[in-house]
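Residue 2 is where the sequence shown starts when you use the numbering used here, and the numbers rise one by one after that. A virtual CB, placed ideally from N, CA and C, is assigned to each residue, including glycine. Inspection log for the structure reproduced underneath, given as structure tokens.
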Amino acid sequence: MDCIFCKIANGEIESNIIYEDEKIIAFNDLDPKAPTHFLVIPKNHISSANEINEDNEAIIGHIFKVISKLTKEFGFDKKGFRIVNNCGEDGGQTVNHIHFHVLAGRQLQWPPG
Ligand code: 5GP
Ligand code: ZN
Numbered sequence: 002m003d004c005i006f007c008k009i010a011n012g013e014i015e016s017n018i019i020y021e022d023e024k025i026i027a028f029n030d031l032d033p034k035a036p037t038h039f040l041v042i043p044k045n046h047i048s049s050a051n052e053i054n055e056d057n058e059a060i061i062g063h064i065f066k067v068i069s070k071l072t073k074e075f076g077f078d079k080k081g082f083r084i085v086n087n088c089g090e091d092g093g094q095t096v097n098h099i100h101f102h103v104l105a106g107r108q109l110q111w112p113p114g
């Protein structure tokens with residue numbers, strides 16, 4: 002499958018990796034929308050939030066646990082941060098490998114455009 006995030010996960014495409022374990026990887030977004038903007042993905046291909054089910058729910062929980070650990074390490078637990086998942090066309094998803102954006106370091110607006 003020609004998936005850019007699978008290629009980042011297996012090292013075929015270079016990225017600025019900030020966290021890695023056997024199941025997931027976190028790397029800085031190429032086009033950051035905040036002073037800190039990284040993406041967290043499962044190494045195994047899951048297309049979108051539409052594909053979350055009982056077989057892969059543990060990896061989603063793991064991703065959120067690691068986000069909580071990383072944001073604490075970066076000191077964002079006090080001021081806050083935002084976790085975003087875009088799903089499908091209306092959600093604005095452009096890469097069809099599930100990913101969670103973590104945005105921090107400035108006051109973020111709500112609602113999104
Ligand atoms: P989406 O729009 O699907 O929610 O988010 C995709 C994100 O992936 C975008 O923020 C985009 O900047 C980022 N992105 C796309 N291609 C690459 C890449 O090759 N490397 C990195 N580090 N980020 C990428
Ligand atoms: Zn993939």
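How about His63: is its Cβ closer than 8 Å to a heavy atom in the ligand ZN?
Along the sequence shown, one-based indexing puts residue 63 at 62. His63: no, Cβ never under 8 Å from the ligand ZN.
In three-state DSSP terms, what is Ala35?
Position 34 of the sequence shown, counting from 1, holds the residue named residue 35. In the structure shown, Ala35 adopts coil according to DSSP, grouped into three states.
What number of angstroms, rounded off, separates the C-alpha of Ile84 from the C-alpha of Thr72?
Mapped onto the sequence shown, residue 84 falls at position 83. Mapped onto the sequence shown, residue 72 falls at position 71. Taking the straight line from one Cα to the other gives about 11 Å.
Just curious, the alpha helix (DSSP H) that Ile64 is in, first and last residue?
Taking the sequence shown and counting its residues from 1, one reaches residue 64 at position 63. Counting along the chain, Ile64 sits inside the alpha helix (DSSP H) bounded by residues 58 to 74.
Verify whether the separation of the beta carbon atoms of Phe6 and His102 is less than 9 Å.
Within the sequence shown, residue 6 is the residue found at index 5, counting from 1. Within the sequence shown, residue 102 is the residue found at index 101, counting from 1. Remark: C-beta atoms of Phe6 and His102 do not approach each other more closely than 9 Å.
Are there 16 or more other CB atoms within 10 angstroms of the CB of Ile1, so buried, or fewer, so exposed?
Residue 1 cannot be examined here, being either before or after the span of the chain that is shown, 2 to 114.
Excluding the 5 residues flanking His46 on each side, which residues of the same chain have their C-beta closer than 7 Å to its C-beta?
For the purposes of this step, residue 46 is taken as the residue at position 45 of the sequence shown. Its chain contains Met2, Cys4, Cys7, His98 as the residues whose beta carbon lies nearer than 7 Å to that of His46, once the 5 sequence neighbours on both sides are disregarded; these appear in chain order.
May I have the straight-line CA-CA distance separating Lys44 from Gly89, to the nearest angstrom?
By one-based count along the sequence shown, residue 44 stands at place 43. By one-based count along the sequence shown, residue 89 stands at place 88. Answer to the nearest angstrom: the Cα atoms are 20 Å apart.
Helix, strand or coil for Phe82? Go by DSSP, reduced to three states.
On the sequence shown, residue 82 is found 81 positions in, with the first residue counted as 1. Under the three-state reduction of DSSP output, Phe82 falls in the coil class, being neither helix nor strand.
To the nearest whole angstrom, what separates the beta carbons of Val67 and Ile25, a pair I think is in contact under 8 Å?
Taking the first residue of the sequence shown as 1, we reach residue 67 at position 66. Taking the first residue of the sequence shown as 1, we reach residue 25 at position 24. Contact holds; Cβ gap of about 6 Å.
DSSP three-state label for Phe77, please.
As a working note, residue 77 is residue 76 in the sequence shown. The answer is coil: DSSP assigns Phe77 none of H, G, I, E or B.
Report the option in Asp56, Gly76, Leu104 whose CA atom is closest to the CA atom of Asp32.
Here residue 32 corresponds to residue number 31 of the sequence shown, with the count starting at 1. Selected option, being the one with the closest Cα: Leu104.
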